[in-house]
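Here's the structure we're looking at; comments come further down.
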Amino acid sequence: MAKVSSLQFHFLLNFLILIPNFALTQTKNDVEIGSSLIAGDDKTSPWISPGGDFAFGFQQLGNEDQFLVSIWYNKIPEKTIVWYANGDNPCPKGSRIELLADRGLVLTSPQQDETSISDPLIGTVAYGSMKDTGNFVLVNKNSESLWQSFNQSKDTILPTQEFGEGFKISSRRSDTNFSRGRFLLRMFQNGNIGIATVNLPSEYINENFFLIRSFDQLNASNYQFKFNESGQIFLLVNNSQEVVLSKGDIGPSTRFYHRATLNFDGVFTLYQYPKEAKSIDVWSVVWSVPENICYSLPTERGTGVCGYNRICRLSIDKRPDCQCPRAFSLVDPDDDYKGCIPDFVQDCADNQENAGNQVDMETVTNIDWPTSDYELLQPFDEEKCKNACLNDCMCAVSIFRENSCWKKKLPLSNGRVDNRVNSKAFIKRRKVFLGSSVFVNCLLLGVLSLGFLLVYRNKISTFDRNGSSMDQTLRYFSYKDLSKDTEGFKEELGREAFGIVYKGVVEIGNPTPVAVKKLDRIVQDGEKEFETEVNVIGQTHHKNLVRLMGFCDEGPHRLLVYEFLNNGSLASFLFGDLKLTWNQRTQVALGIARGLLYLHDECNTQIIHCDIKPQNILLDDHYDPRISDFGLAKLLRMDQSETQTAIRGTKGYVAPEWFRNMPVTVKADVYSFGVLLLEIICCRRNVDYGVGEDRAILTYWAYDCYTEGTIYELVENDSDAISDRKKLEKFLMVAIWCIQEDPSLRPTMKKIVLMLEEIVEVPNPPCPNPFRTENSLVDVV
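Positions -25 to -1, 1 to 756 (mature numbering (1 follows the signal peptide of the UniProt record, and there is no 0)) are the ones given, in order, by the sequence shown.
Below is the structure:
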């Protein structure tokens, strides 16, 4: 025993002697002197933290040949950047970042121009280390820090960081532009933390438009701004008193990543992201300030949140959505925040008596530019207010509210939607003379139609009847076989936008019931288009989509063969005598949302459905929903749509952008889903004049019930729904977000699924159509 104790003693002694050397020993993740990375070179790997959470290296900016020296979350698919060095001057492909003993991190361009990343640096670097906190540190031989990225925070701070007086971070210019932005967050000697705008390209800082925390505390002299490991943001006063700033349900750091970012639009936000992420997970907002940046007290100087002559609306993520009003256009389409310019400015040299022949006034409700007044007229009526601006060459906009008229001049600043007051804005615009416009448009349409016809007549059908160019899971049917399988197209299941659906039985191993759709409303000379779209449809595989089993393309006959679902369409269970339970309806809504998410984001080719409605949702034996008719919108002949020329979809479900010559994106499906979700909640059609005028349009009545706190009226005969008020209100709020008139305010289907699954919070939705003008109300009926 004595011999063993002696060995143990000598081992312990040697261990203690070697401790200093162990401190200098580098782990496999530490960066040695002379190590380098090359921008755009796939052979060099970024420098990874020991746990793999963070990486240091080059990130490519979009599809451009420009790179950013940065630190990012390594395990998150979207590679969220938390620190960057050369935001004002991205480097080209082939640039090199190298760790040198005497200069630290040095960036060298292909032309051999050098930039020191790690200034100021005092001492000799022994090695670099990417920490699991997100901090990149340069240390000397005594393991003392010489430089760290945490001391040069850009727009993001991370847990374990703490700051004192003089702390500041700047936003980036835009979501994809990492140069210095328009917003600054800073901490003052008295502990106040404010957000202000900066008059770029100068350094001039305007007064704070928002204070995160304002202190008026005596005997307080020491303030620290801290972001602890648990994801909580607070102020430490006099080294003892903790004043918590962040609110909300913060997930544990063992399961969630946390970051706080001053976004490019001025909102300071605390985010979290699950470490065991699913494919649909996103950064969710825990807490953000200001609560409503559009309503924040405007300052007299500066462009405001959105830039001159713009309007600020609050989005679903409590971020500002900035728009040009009608009759205005962006100064620079590539830079939203350079503001808007009017399409027409009235010349004061013109004869003011004839002003009405040159300009008219666009009427918009509930918007204002509160710092642009130059004259108040009171008392005044609405018509006088409009004419007062019309006949004043200095006036760009007049605002009428409560018998008062405010005339405003350019540039308009701090524009915002304000639903708290009932007001009308009259915006000056040039009169449009329709005669010549109609002639030009008709001429252009004729030329395009002729070109379209000539192109299609010259196309050569390349379709392989054996299906070699199609998805191999699809079966080719002859027209003769399908005629036999349906007994001469005897049993009609329904008539839809693309044709008639018949029931049949085909032999695929065993007799299998199918639904055969005869397409009679598609482009007839588009063999290649039919082949392409059917191939896309055939490659979709999701439990909430109706499965395509085969097709026929023979002469004039084009048919699709789908699986048959016994329970038919959702419409019969919403508008018929047999109703689904509340729980069944909520599951149906969630299934439809998941199916649309797959079509928009997860299948090989993005599919916009364009005709989401109850008739296109089928139910299987377990009442699980399956979306049908997806992928067919591109084949629909424009002159045979169910609404009007150039519009695809069904009246009552069609998004407003179809009527306004705006780009149609996946957000059109989101709008239709919102209408459908309201119908699922209420078990009634969107348009029903049999229930009284005030309830006839469901999308209007539902929002009225939400704002008035009478949502139980929407489900007055459904005790299960009434007793489940929390979910009822959540689903209603999601639906209202979906039917926003402005497509940019509508959430993505990914966000919708997260909200319906109660993974992320649902903010209070705004009025769906605050920009409705007197002459532009969409006819939903």
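Here a beta-carbon is modelled for each residue, glycine too, at the ideal position from N, C-alpha and C.
- Message: Using a Cβ-Cβ cutoff of less than 8 Å, which residues in the same chain neighbour W47 once the five nearest sequence positions on both sides are dropped?
- Response: Here the set comprises F29, A30, Q34, K54, T55, I56 and V57.
- Message: Once the 5 residues before and after S388 are set aside, which same chain residues still bring their CB inside 7 Å of it?
- Response: Beyond the five residues adjoining it in sequence on each side, S388 comes within less than 7 Å, by CB distance, of T278, G279, Y283, W344, T346 and S347 in the same chain, given in chain order.
- Message: Alpha carbons only, please: which of Q164, H233 and G156 is nearest the one belonging to T135?
- Response: H233
- Message: Give me the DSSP bridge partner(s) of H233.
- Response: Q247
- Message: Restricting to Cα atoms, I'd like to know which of A324, D296, R405 and F452 is closest to G390.
- Response: Nearest option by C-alpha distance: D296.
- Message: For Y246 and D256, which I take to be in contact (beta-carbon distance under 8 Å), what is that distance rounded to the nearest angstrom?
- Response: Not really, about 12 Å apart at Cβ, beyond 8 Å.
- Query: Under a three-way DSSP split, which group does T561 fall into?
  - Reply: helix
- Give me whichever residues DSSP pairs with T83 in a beta bridge. R71 and E89
- Would you kindly check if the distance between the Cβ of N49 and the Cβ of I8 is under 8 Å? no
- Query: Is the segment 228 to 244 close to the segment 196 to 208, with three or more CB pairs under 8 Å?
  - Reply: yes
- Task: If I'm right that I291 touches P638 with Cβ under 8 Å, what's the distance once you round it to whole angstroms?
- Result: Not confirmed; about 20 Å, so no contact.
- Message: Please return the same chain residues whose Cβ sits closer than 6 Å to the Cβ of G479, not counting the five positions on each side in sequence.
- Response: D460, T461, V489 and V491
- Message: Using only the alpha-carbon positions, how far apart do C380 and L520 sit?
- Response: 55 Å
- Query: Can you tell me whether P317 is buried or exposed, with buried defined as 16 or more other CB within 10 angstroms of its CB?
  - Reply: buried
- Item | Beta carbon of F239 nearer than 8 Å to that of S146 | yes
- Are the CB atoms of L80 and I97 nearer to each other than 8 Å? no
- Message: Closest to R161 by C-alpha separation, out of L175, F153 and I144, would be which residue?
- Response: I144
- Message: Once DSSP output is grouped into helix, strand and coil, what is the label at P179?
- Response: In the sequence as presented, Pro is not what sits at residue 179; that position holds Tyr. Coil, per DSSP.
- Would you identify the three-state DSSP class for T515, choosing helix, strand or coil? coil
- Could you have a look at residue 759 and say whether DSSP puts it in helix, strand or coil? No answer is possible for residue 759: it lies beyond the span of the chain, which begins at -25 and ends at 756.
- When DSSP labels each residue in this structure, what does D311 get in the three-state scheme? strand
- Query: Leaving out five residues before and five after C680 in sequence, what residues of the same chain have Cβ atoms less than 7 Å from its Cβ?
  - Reply: Same-chain partners within the cutoff: I686, E688 and L689.
- Message: Using a Cβ-Cβ cutoff of less than 8 Å, which residues in the same chain neighbour E357 once the five nearest sequence positions on both sides are dropped?
- Response: F375 and K399
- For G530, does the count of other Cβ atoms within 10 angstroms reach 16, so buried, or fall short, so exposed? exposed
- Message: I'd like to check one pair, C657 with L673: are the Cβ atoms closer than 8 Å?
- Response: yes
- Query: Quick one: what's E350 bridged to in DSSP?
  - Reply: K382
- In the DSSP assignment, find the alpha helix (DSSP H) that holds F634 and state where it starts and stops. Where F634 is concerned, there is no enclosing alpha helix (DSSP H), given that its DSSP letter is neither H nor E.
- Query: Which residue comes first and which comes last in the beta strand (DSSP E) that contains G649?
  - Reply: First-last for G649: K642 to C657, but that is the alpha helix (DSSP H), not the beta strand (DSSP E).
- Task: In angstroms with no decimal places, state the Cα-to-Cα distance between A76 and T99.
- Result: 5 Å
- Message: Give me, in chain order, the residues of the same chain whose beta-carbon lies closer than 7 Å to that of K406; leave out the 5 immediate sequence neighbours on both sides.
- Response: Q333, V334 and D335
- Query: If we call anything under 8 Å between Cβ atoms a contact, is R71 one with I13?
  - Reply: yes
- Count the other CB atoms within 10 Å of the CB of S694; is the residue buried (16 or more) or exposed (fewer)? exposed
- Message: Pop quiz: N61 and L82 are said to be a contact at Cβ under 8 Å. What is the actual Cβ separation, rounded to whole angstroms?
- Response: 7 Å
- Task: Mind checking who N165 pairs with in its DSSP beta bridge?
- Result: Beta-bridge pairing links N165 to no other residue.
- Message: Just to confirm my understanding: we take W712, look at its own chain, exclude 5 residues before and 5 after, and list those with CB closer than 6 Å. What are they?
- Response: I291, P722 and P740
- Query: Tell me the DSSP bridge mates of K492?
  - Reply: V476 and L535
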